[in-house]
C-alpha cells in the first residue's frame, strides 16, 4: 500500500482524528473502494454531471418553482 494526501476542510480533519482506529480503518476502506470506482469510470463532462444532478433532483421532487424559491431566499 502507498499513502496519498487528500485535502479536506478543518471540521472533517478534526472529526477524523477523533474517531477510533477501527472506524478510521473502515473509513479508509470505503474511501479506497470509492476512489477505485471513480478512477475506473470514464470522465464525464460538466454538462453530463449537471444533467445527472438535475434528473436526480427531479426524481426527489425538486421543481423549477421550488428551485427559484430556494435561490431567492436570503
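Residue numbers (the working numbering): -16 to 57.
For every residue, glycine included, the Cβ atom is placed at its ideal position computed from N, Cα and C.
This structure is a prediction, so every number in the text was calculated from the model and none was measured.
| message | Along the chain, where does the alpha helix (DSSP H) containing residue -9 start, and where does it finish? | response | Unbroken run through residue -9: none, as it is neither H nor E.
| So residue 11 is in the alpha helix (DSSP H); what residue range does that whole segment cover? | 4 to 23
| request: State the DSSP-derived secondary structure class of residue 28, mapped to helix, strand or coil. | output: coil
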